[in-house]
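The structure appears right after this line, and notes come after that.
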Amino acid sequence: MYMDFNIYMNDVVSQARDEISKAGYEQLTTPEEVDQALNQKGTTLVMINSVCGCAGGIARPAASHAIHYDKRPDHLVTVFAGQDRDATNRAREYFEGYPPSSPSFALLKDGKIQTMVERHDIEGFDPMQVIGKLQKSFDEYCEEV
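Taking the working numbering, the leading residue of the sequence shown gets 3, the next gets one more, and so forth.
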């Protein structure tokens, strides 16, 4: 049986995009969209999405559930590493002091990086532990909803 790898990957990417969009995150696919979104006033959570197993099994579920909390970011956005390369590279320019990492989460306030939950904080942990890490940063930097 032959399966076209590109068709398979398009399906995987499409499902990953849909999952995070349904959770309420706005997809940023161009550098211009990134600049506009990350320079907004208030707090912005950026989920750096990917097709790896820890993104699907840990990071995206954590992204979906962490925001159901007393404090949460004003804005929820996502870039897709390996897919929307220019948008992802632009977003990473805002994450000063942090190396590229995907999946990961960056929390910005008024366009300035406050903290990150990097891949090494995700891989090997369960979704509830990552939710706890995200909500701890929400407690520190976000306002009550």
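For each residue, glycine too, the CB sits at the ideal point set by N, CA and C.
A quick note: this is a predicted structure, and the numbers were derived from the prediction, not measured.
- When secondary structure is reduced to three states using DSSP, K24 falls in the helix class.
- Within its own chain, the residues whose Cβ lies closer than 7 Å to the Cβ of R74, once the five positions on either side in sequence are excluded, are F140, C144, V147, listed in chain order.
- Cα atoms of A108 and D6: separation of roughly 34 Å, rounded to the nearest angstrom.
- With fewer than 16 other CB atoms across the displayed protein chains lying within 10 angstroms of its CB, D20 is exposed.
- Annotation for T46: the continuous beta strand (DSSP E) segment containing it runs 45 to 51.
- The Cβ atoms of T80 and I133 lie no closer than 8 Å to each other.
- I50 and A39 have their C-alpha atoms some 14 Å from each other.
- Nearest to G58 by alpha-carbon distance, out of A18, E142, K135, is A18.
- With a 10 Å radius around the Cβ and a threshold of 16 neighbouring Cβ atoms, P101 comes out exposed.
- In the structure shown, the three-state DSSP call for Q137 is helix.
- Assignment of I60 by DSSP, reduced to helix, strand and coil, places it in the helix class.
- When the beta-carbon positions are compared, L110 and T45 come within less than 8 Å of each other.
- Under DSSP, T117 shares a beta bridge with L109.
- As DSSP reads the structure, H77 sits in a beta bridge with T46.
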